[in-house]
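Reminder that position 223 of the sequence shown reads as 223 in the numbering used here, one-by-one numbering, no gaps.
Where a beta carbon is used, it is the ideal one built from N, C-alpha and C, also for glycine.
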Amino acid sequence: MNSRAHGAAYTISENASLRTRNSLWVEARAALLVEVRQEAALPELLGFARFKTQAPLVLGAGSNILFTRDWPGVVLCLDTRGIEVIDEDDAQVRLRVAAGERWHDFVLWSLAKGWRGLENLALIPGTVGAAPIQNIGAYGVEVAEFIEAVEVWDRASGRLARLDAAACAFGYRDSLFKHERERYIISAVRFRLSRERALRLDYAGLGEELAAMGVQQAGAPQVAEAVMRLRMRKLPDPARIGNAGSFFKNPLVAAPLAQALRAAHPQLPYWPEPDARVKLSAAWLVEQAGCKGLREGDAGMSAQHALVLVNHGNASGAQLWALAQRVREAVRARFGIELEPEPRIV
Ligand code: EPU
Numbered sequence: 001m002n003s004r005a006h007g008a009a010y011t012i013s014e015n016a017s018l019r020t021r022n023s024l025w026v027e028a029r030a031a032l033l034v035e036v037r038q039e040a041a042l043p044e045l046l047g048f049a050r051f052k053t054q055a056p057l058v059l060g061a062g063s064n065i066l067f068t069r070d071w072p073g074v075v076l077c078l079d080t081r082g083i084e085v086i087d088e089d090d091a092q093v094r095l096r097v098a099a100g101e102r103w104h105d106f107v108l109w110s111l112a113k114g115w116r117g118l119e120n121l122a123l124i125p126g127t128v129g130a131a132p133i134q135n136i137g138a139y140g141v142e143v144a145e146f147i148e149a150v151e152v153w154d155r156a157s158g159r160l161a162r163l164d165a166a167a168c169a170f171g172y173r174d175s176l177f178k179h180e181r182e183r184y185i186i187s188a189v190r191f192r193l194s195r196e197r198a199l200r201l202d203y204a205g206l207g208e209e210l211a212a213m214g215v216q217q218a219g220a221p222q223v224a225e226a227v228m229r230l231r232m233r234k235l236p237d238p239a240r241i242g243n244a245g246s247f248f249k250n251p252l253v254a255a256p257l258a259q260a261l262r263a264a265h266p267q268l269p270y271w272p273e274p275d276a277r278v279k280l281s282a283a284w285l286v287e288q289a290g291c292k293g294l295r296e297g298d299a300g301m302s303a304q305h306a307l308v309l310v311n312h313g314n315a316s317g318a319q320l321w322a323l324a325q326r327v328r329e330a331v332r333a334r335f336g337i338e339l340e341p342e343p344r345i346v
């Protein structure tokens, strides 16, 4: 690999391995890897002809991506840091956070300052810049609730822009950025947090976990602690076994279909959505289709949580993807439901 550092601002490497940069530990290569440490370098860098004609693949912590092949162009890593208070009063704060900040570190920072809201989203792997793309969510909360605006480099206009939350079209594990991957490069996210927000303890298991911790009157830090305990117990640790969290989205189906499935399978967990659709548990469908713990070579579905695709060692991206297809087919054959992958598939 041939690397060149351009001052402190960025580094460019040729034919770079991405194995340590994706949490599924897949060996894939980038023709060119550009690591940016200073946000101020973005306009100059992204103004280069190469970025105008060819969209880079933007990689955060690599915790929600499956490479099934090498990337023939530029992989762009924003390693920028910084949490800036835009303004605050006794009740609320507005923050601007650089895309490269680690999500969980930011959650802990906000809790330590006494701000509420992000406690249910503790321990989600990934960067702040990646959070809006799939609208990360856990334990009944989605990040979209706290996002005021997303700052981007807009490849269409060749300049920096700020998109307010409405323009981001947030949905369940979805946003504008998933559909306009080639157009926007997220450089920072603006959040609004408050001191007095009601805690959200309704998601199954959370109240029980707080009780098991002996907590009577929970504050936001205790909720975060409970969420971390639940996640550590339920989800395989990406530091120990390659995975990208939930591999499939929970399917959203029309109410009559959900009713029919529930009649045939009364145990099927479901959550009614505000738009009259019903969200079904993909983990349950995968488990009942006989795929929990399924393994082919080093590619597998976790025996700990049915929805998590895992790399037991040296599975290639293509092998992992093939296993995922098998699971999808098994669920389709058994329940007639089409599961959609949650991570980005390259
Ligand atoms: N279940 C099974 N088998 C399993 C695991 C779970 O049948 O092996 C059933 C259980 O009945 C359980 C239900 O599935 O009650 C839901 O499981 P869980 O609470 O673990 O949530 P999930 O729907 O599988 C979603 C998110 C997670 C998030 C959790 C908690 C998606 C795709 N996943 O998972 O997010 O942490 O809720 O809020 O929405 C991620 O997006 O990568 C992720 C981990």
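Can you grab the Cα-Cα spacing for the pair residue i / residue j, in whole Å?
i: F335; j: R4; result: 53 Å
i: P269; j: Q38; result: 46 Å
i: N120; j: A138; result: 6 Å
i: V310; j: L66; result: 11 Å
i: W271; j: K279; result: 5 Å
i: I241; j: Q304; result: 12 Å
i: R21; j: Q325; result: 24 Å
i: V36; j: G297; result: 37 Å
i: R102; j: S110; result: 12 Å
i: L294; j: G82; result: 42 Å
i: P43; j: H6; result: 15 Å
i: S194; j: R200; result: 14 Å
i: A40; j: P236; result: 37 Å
i: A131; j: K178; result: 11 Å
i: D154; j: L57; result: 14 Å
i: M232; j: P251; result: 24 Å
i: A198; j: R116; result: 8 Å
i: F51; j: R183; result: 11 Å
i: S246; j: D202; result: 21 Å
i: G60; j: P125; result: 10 Å
i: A156; j: L45; result: 15 Å
i: A112; j: A211; result: 22 Å
i: R69; j: I345; result: 10 Å
Given the structure, does residue i come close to the ligand MG, in the sense that its CB is under 6 Å from one of the ligand's heavy atoms?
i: S246; result: The model on display carries the ligand EPU but not the ligand MG.
For residue i, is the beta carbon positioned less than 6 Å from some heavy atom of the ligand EPU?
i: H305; result: yes
i: E273; result: no
i: P56; result: no
i: E342; result: yes
i: P269; result: yes
i: N243; result: no
i: K279; result: no
i: A138; result: yes
i: A131; result: no
i: W284; result: yes
i: K178; result: no
i: K249; result: yes
i: E119; result: no
i: E338; result: no
i: E356; result: Past the boundaries of the shown model lies residue 356; the chain is included only from 1 to 346, so the question cannot be answered.
i: E287; result: yes
Hey, does residue i have any beta-carbon neighbour from chain C nearer than 7 Å?
i: A212; result: Here chain C cannot be found, since the structure has a single protein chain.
Measure how close the beta-carbons of residue i and residue j come, nearest whole angstrom, since I'm counting them as under 8 Å.
i: A99; j: T127; result: 6 Å
i: G205; j: L230; result: 6 Å
i: I185; j: V152; result: 6 Å
i: A188; j: V97; result: 6 Å
i: A306; j: K292; result: 4 Å
i: P343; j: A244; result: 5 Å
i: L95; j: V107; result: About 12 Å; that fails the 8 Å criterion.
State whether the region 64 to 79 contacts the region 20 to 36, with contact taken as three or more CB pairs (one from each stretch) at a distance under 8 Å.
In this structure the region 64 to 79 touches the region 20 to 36; the number of beta carbon pairs closer than 8 Å is three or more.
When the Cβ atoms of the region 216 to 231 are set against those of the region 266 to 283, are three or more pairs found closer than 8 Å?
Taking one beta carbon from each stretch, the region 216 to 231 and the region 266 to 283 have fewer than 3 pairs nearer than 8 Å; the two do not touch.
On the three-pair Cβ rule with 8 Å, is the region 163 to 175 touching the region 141 to 155?
Touching, yes, given that three or more Cβ pairs across the two stretches are closer than 8 Å.
Are the region 221 to 231 and the region 129 to 137 in contact at 8 Å, needing three or more beta carbon pairs?
Because the criterion of three Cβ pairs below 8 Å is not met, the region 221 to 231 and the region 129 to 137 do not touch.
Count Cβ pairs between the region 158 to 168 and the region 4 to 22 that sit closer than 8 Å; are there 3 or more?
Touching, no.
Is it a yes or a no for the region 311 to 323 touching the region 253 to 268, going by three-plus beta-carbon pairs under 8 Å?
Too few Cβ pairs lie closer than 8 Å, so no.
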